[in-house]
Every structure is written in structure tokens, then in C-alpha cells.
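Trainee:
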Amino acid sequence: MIELKDLTKRFAQHTAVDALSFSVQPGEVLGFLGPNGAGKSTTMKMLTGFLAPTSGTASIFGCDIQTQRLQAQRQIGYLPEGAPCYGDMTVRGFLEFIAEVRGFRGADKRARVASASAKVELEHVLGQTIETLSKGFKRRVGLAQAILHDPRVLILDEPTDGLDPNQKHQVRELIKGLAHDKIVIISTHILEEVSAVCTRAVIIASGRLVADGTPFELECRSRYHQAVTLVSDGPLDEIALSALPGVASIEANESQHSITVLAKPGQVIFPQINALITQQAWAVKALDVERGRLDEVFRTLTRGEAL
Amino acid sequence: MSQLPVIFKRELGSYFATPLAYVFILIFLVLSGVFTFYLGGFYERGQADLTPFFSFHTWLYLFLIPAIAMRLWAEERKSGSIELLMTLPITRFEAVTGKFLAAWVFAGIALLLTFPMVITVNYLGEPDNGAIIAGYFGSWLLAGAFLAIGSCMSALAKNQVIAFILAVCVCFLFIVSGLPMVLDAFGWAPQWLVDAVASLSFLIRFDSLSKGVIDLRDLLYFVTLIVAWLAATAVVVDLKKAA
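Each protein sequence line maps, in turn, to chains A and B. Read the first sequence against my numbering and you will find it ends at 307, with the numbers running on by one and no gaps. Read the second sequence against my numbering and you will find it ends at 1243, with the numbers running on by one and no gaps.
Given below as C-alpha cells:
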């Protein structure tokens, strides 16, 4: 497991990461969220031993990242932001270099390179120099080097940034497939990714932890949790709707005759609304219950407004 | 220690991955030939030794060695691959030394390719081959000292051109510190200080080595210089890697 204890990083003027503490258990896929400059990458750089914390510390399966840096790094597969590689090497040469640094030799090394490149579908470009590859392939090379030694901890900094939708889907499937017994930490500012792959989301803003929970729990914190959206042909009786028990307020949407009825926290309003529609015989074309909007929760939290 | 050969192998391979290495070797061979035969007056001297060959190495290295060293760290920082390298389970010592040794061996290969010079001088006369071997060894040590300085400058600058210029400047200081024009400027200083400055010079140290005189103090001088600059490189890499 990974444990962060008051992890802090100060650069000359500002505090990038401010007393961050949480722990991650095996099997969890942790989505690490925050606006640009919130300290996501800095935290990951400290976890992987690239940067030394100003104060506080973290441990990877009991290995302190400062005093037992090498032992900690052996257990981590890391994809830095932008997936930097040695551009003048071939994919095979690069992966073999990584395998050797990770202590694999001979047949063992070749097997590792083959299985890692098969997992990310790199077999056909093994002989090409990395700088001639497209962005998607470069990212896959970065992923292959991260998973090559079958690490217990996988730290991926914006693994899908700049990829096309197909490639994003592929990377997410890969992450899901790897996640069973590992700890996976993904930093991202793409919220759909969190709902798609993560079992837990941690939101930080200005280096501080502002939320920690499952994507579902975070969605529940949204004003739109359990809200019902109605679309009809004619005008709807908003007064009757707002008089229903559990209704907090009503918002008109941009398209005509479309409104969203917000529920009070912890209340379910769909049955009442459904009953009202039947009773009034409204011609409702679409009826939709929302789970909550992560992007709205994200905005509220990272702007420092209390929910 | 176990990962040092892996780093070394990759670095050395990366020199030969681009045509740059071959261009460099070619320039080195042509220039050392030109210097020896024209400026050094190899034939006119009528002596079977390689003094005119070695005596220009200091000046040749001043520009060629920083060109090998400039990419060592600057390139890693520019491309961001330093983050990859430094999060692999390797020590700072392995990274710094592995890279340095690769560059040093590369310089050694370029130096060994001047072997026709040895054949020529053996064909023309009966040189002291022991002195020639000592000269080669001294020249390689000199290249190592230049490289260690260049490696540190490369860690300081993100831009390879700046790394190159910085390295040339610092190396130049180490060369000229033995020249009369610098030592005369220290006329006001006590004799021990003048001696100290003069003793830092590559020129004086290398001069005796190139003539085949292996003095333990000269060896110690070059080895200490290399170790000190590599230690400085490790510190600078740690300080600058995130910038």
C-alpha cells in the first residue's frame, strides 16, 4: 500500500503540495484530480522519487521514498507527463534498456519486452526509432516501459492526454485489465476518465486535499444528484412541480420546454414527478434521472466554495 | 553498481545512433593530422616521436570535447527523459558515472583511431614506444578531465549550445592558468598563490605526460579533477532536474 504523510513541497515562492495525507490499498484505481497547477504532477514526482519532499514523507509498501528510494522505485512503474523517451532509440532497444535496468537479462529480458509490447500492441513498430512514431504510439511505448516489470504500483501522469478517442478507450481498457492486484494512480483533468476507470477519486486544489471518495460519492455531492430532466412538447406546470415533496428548485434548460428539477440533498424525487406526469397527462418526450455532475462538483470544490 | 554497465551501454550506443559521432571522429582525425604535420612540423623536426601530435591535443580538446559532453544532461532535461531516468531504480552515482564513462570511452575510440600516426613514426624511425603509450594515456586522461567539466556544465544548462560555451570557457580557464600572461597578472600575489594557480593548468600537467613522463602527482591531479567535477555534476543534477 501507499501512504502519504503530510507530504509537502515548496518551491522558491509558492507551496505546490501542502501537507497531503492519504493512503491507497492494492486493487484501487485512484483518480488524482485537480486543475492545472494544483500539484498533481509534483505529488507524483515525489512518490516516484524524482523530487525530494520539503517536509513529510510517503512510503510504497513500507519503503520510505527518501531513505529507501531504490527499493521504493523497484516497485513502481511510472509514466511521466508527456511520456518522455529516448527518441533516437528503437522501441525494442529502449524497452530492452528498461528491462536491463530493472534487472532482467537474456531470455527473461526478451520475454518481458515481448509481453509488455504485446499488451499495448507495439509488436509492429518494435524496429522503428521512437521519434518517428505518432503521439499515440509514443504514449504506448511509455506505458510499455511502465508495466514491463509487472510492478505492484503503477503511477500514470495524464496517460490519455492528447490521444484520440479510440486510443483513450484502449488505454483505459488496459488500465482496467491491469488493476486487479495492483495500486494504480492516474492523474487527469478529464472527468469522464474518472467515472470510466477509477474506483476512487481524490481531488486536490492548490496542493490541498479537498475531496476523497468513490466517483459515486462525489457525484452525490452534486446539486444535480437525483435531479430529473423533463422534455415535453408543450409548456410544463412549474408551480405544480416545485410543490412536490423533496424538490429543491427548478432550472430551465437551453432547449425549449426542457426543465431540470433539482432534488433536496438525500431525497429521491423521481416517483413523485412520474406520478404527477401521469395525473396531469403531460406529453413528456424524455425523462431522465441524473447521477450527478462530476464536473460541477469539481468546479465547486476546486474554486474553494463549500458545498 | 550493478546498473552502471547498462547506463554505459545505452549512452555509448546513443553516440553512434546519429551520424554526429562519425562526423566528430572525422573532424578529430583530420584536425589532429593537420596540426601534427603542418603546425607541428612533424617532418621538419626530423625526430621520431609524437610530441608535435600530442602538444596540440589540449587546444583540440578545448573545442571538441565540450561538443561530446554538451548533450550528456542538457538533452535529458530538454526532452524530459531525465524524469524517466531518475525514477528508475539507479543511484545518482550510476547515472553520472555511466554517462561520463560512455563519453570517455567514445573519446578513447576517437583517440585510438589516430593509430596510423604511430605506424608512421615507427616506419620512419625508431621511436620510444613506451613514451608514445604514456602520451596516449595522458591524452586520454586529459580528455577525461575536459569531459568531467563538460558533464557538469551540461547539467547546469538546459540548452546544449549554452552547455558547450560554458564548458569551453571553464576548460579555457584551466588551460590558460599556466600561461605567463595569466601568471604575470598575479604579480602582486604571494608566490604560493602563483604556484597554486599554475599547478591547476592542464598545459603543464599534460606537457610532461605527453613526453612520456608519468608522474604520480600528475595522475593524481587528473583523477582528482575528474572525481571532483563528477561529484559536482551529481549535485547540480539533483538541484536542477526539476527546473
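Every residue, glycine too, gets a C-beta built ideally from N, C-alpha and C.
So for R200(A), helix, strand or coil by DSSP?
Mentor: Position 200 of the first sequence, counted from the start, is the residue given in the question as residue 200(A). R200(A): strand per DSSP, three-state reduction.
Trainee: Can you pull the chain B neighbours of Q265(A), defined as C-beta to C-beta under 7 Å?
Mentor: As a working mapping, residue 265(A) is identified with position 265 in the first sequence. Note that residue 265(A) is Pro in the sequence shown, not Gln. What P265(A) touches in chain B: nothing, since even the nearest Cβ is about 43 Å away.
Trainee: Taking only beta-carbon positions, decide if V29(A) is within less than 8 Å of chain B.
Mentor: The residue given as residue 29(A) occupies position 29 in the first sequence. Chain B contact via Cβ: absent.
Trainee: Report the partner residues of V228(A) according to the DSSP bridge assignment.
Mentor: To locate residue 228(A), count along the first sequence from 1; it is residue 228. Bridge partners of V228(A): V261(A) and V289(A).
Trainee: Using a Cβ-Cβ cut-off of 6 Å (strictly less than) and excluding sequence neighbours within five positions of R299(A), which residues of its own chain qualify?
Mentor: Start at 1 with the first residue of the first sequence, and residue 299(A) comes out as number 299. Result list for R299(A): empty, nothing under 6 Å.
Trainee: Could you give the residue range of the beta strand (DSSP E) that holds T15(A)?
Mentor: Within the first sequence, the letter at position 15 stands for residue 15(A). For T15(A), the uninterrupted beta strand (DSSP E) run begins and ends at T15 to V24, by DSSP.
Trainee: Applying a beta-carbon distance threshold of less than 9 Å, which residues of chain B neighbour M89(A)?
Mentor: Counting from one through the first sequence, the residue named residue 89(A) turns up at place 89. Per Cβ cutoff of 9 Å: R1010, G1013, S1014 and A1017.
Trainee: Name the chain B residues that come within less than 8 Å of R74(A), Cβ to Cβ?
Mentor: Against the first sequence, residue 74(A) aligns to sequence position 74. What R74(A) touches in chain B: P1089.
Trainee: Which same chain residues end up closer than 7 Å to E123(A) when comparing Cβ atoms and leaving out the 5 residues on each side of it in sequence?
Mentor: Residue 123(A) sits at position 123 when you count from the first residue of the first sequence. Excluding sequence positions up to five before and after E123(A), its CB lies within less than 7 Å of the CB of S117, all in the same chain and listed in chain order.
Trainee: Taking the C-alpha atoms as reference points, what is the distance between S258(A) and A227(A)?
Mentor: Along the first sequence, read from residue 1 onward, the residue named residue 258(A) stands at position 258. Along the first sequence, read from residue 1 onward, the residue named residue 227(A) stands at position 227. Answer to the nearest angstrom: the Cα atoms are 13 Å apart.
Trainee: Below 7 Å CB to CB, which residues in the same chain sit around D88(A) once its five sequence neighbours on both sides are set aside?
Mentor: Against the first sequence, residue 88(A) aligns to sequence position 88. Around D88(A): T129 and E131.
Trainee: Roughly how many angstroms lie between the CA atoms of P1190(B) and M1070(B), to the nearest whole one?
Mentor: Numbered from 1 along the second sequence, position 190 holds the residue referred to as residue 1190(B). Numbered from 1 along the second sequence, position 70 holds the residue referred to as residue 1070(B). Taking the straight line joining both Cα atoms gives about 37 Å.
Trainee: Excluding the five sequence neighbours on either side, which residues of its own chain have a C-beta within less than 7 Å of the C-beta of A196(A), listed in chain order?
Mentor: Here residue 196(A) corresponds to residue number 196 of the first sequence, with the count starting at 1. Within the same chain, A196(A) has close Cβ partners R172.
Trainee: Mind checking if P84(A) is an interface residue toward chain B, Cβ cutoff 8 Å exclusive?
Mentor: Here residue 84(A) corresponds to residue number 84 of the first sequence, with the count starting at 1. Closer than 8 Å: yes.
Trainee: Output the residue ranges of the alpha helix (DSSP H) runs that lie fully inside the stretch 1015 to 1100 of chain B and measure 4 residues or longer, sorted by chain position.
Mentor: 1020 to 1034, 1042 to 1045, 1051 to 1054, 1057 to 1069, 1071 to 1079 and 1081 to 1087
Trainee: For T42(A), report the span of its alpha helix (DSSP H) as first-last.
Mentor: On the first sequence, residue 42(A) is found 42 positions in, with the first residue counted as 1. Run containing T42(A): K40 to L47, per the alpha helix (DSSP H) assignment.
Trainee: For the stretch 1065 to 1089 of chain B, list every residue whose C-beta sits within 7 Å of some C-beta in chain A, in sequence order.
Mentor: S1079, G1080, S1081, E1083, L1084, M1086, T1087, L1088 and P1089
Trainee: Opposite L209(A) in the DSSP bridges: which residues?
Mentor: Residue mapping note: residue 209(A) aligns to position 209 of the first sequence, counting from 1. L209(A) is bridged by DSSP to I204(A).
Trainee: Answer with yes or no whether the minimum CB distance from G162(A) to chain B is below 8 Å.
Mentor: Translated into the one-based positions of the first sequence, residue 162(A) becomes position 162. It does not; no Cβ of chain B falls within 8 Å.
Trainee: List the endpoints of the continuous beta strand (DSSP E) containing Q32(A).
Mentor: Position 32 of the first sequence, counted from the first residue, corresponds to residue 32(A). Here residue 32(A) turns out to be Phe, not Gln, going by the sequence shown. Unbroken beta strand (DSSP E) run through F32(A): V29 to L33.
Trainee: Check whether the stretch 1048 to 1058 of chain B and the stretch 1127 to 1138 of chain B touch, using three or more Cβ-Cβ pairs below 8 Å as the test.
Mentor: yes
Trainee: Do we get a CB-CB distance below 8 Å when we pair E100(A) with the residues of chain B?
Mentor: Working through the first sequence from its first residue, we reach residue 100(A) at position 100. Residue-level contact check: E100(A) touches chain B, since one or more beta carbons of chain B fall below 8 Å from its beta carbon.
Trainee: Please classify P245(A) as buried or exposed, where buried requires at least 16 other C-beta atoms within 10 Å of its C-beta.
Mentor: Indexing the first sequence from 1 puts residue 245(A) at position 245. So P245(A) counts as exposed.
Trainee: On the DSSP bridge assignment, give the partners of A58(A) in chain order.
Mentor: Walking along the first sequence from the start, residue 58(A) turns up at place 58. DSSP output for A58(A) lists L4(A) as bridge partner(s).
Trainee: Tell me, which residues are paired with G77(A) by DSSP?
Mentor: Stepping through the first sequence from its first residue, residue 77(A) is reached at position 77. According to DSSP, which records beta bridges pairwise, G77(A) is partnered with L154(A).
Trainee: So which of R10(A), T8(A) and M44(A) has the shortest CA-CA distance to T188(A)?
Mentor: By one-based count along the first sequence, residue 188(A) stands at place 188. For the residues R10(A), T8(A) and M44(A), the minimum Cα distance to T188(A) belongs to M44(A).
Trainee: In the DSSP assignment, find the unbroken beta strand (DSSP E) run with E251(A) in it and report its ends.
Mentor: Here residue 251(A) is taken as the residue at index 251 of the first sequence, counted from 1. That run of the beta strand (DSSP E) goes V247 to A252.
Trainee: Give the DSSP-derived three-state secondary structure of T1114(B) in the structure shown.
Mentor: Here residue 1114(B) corresponds to residue number 114 of the second sequence, with the count starting at 1. Coil, per DSSP.
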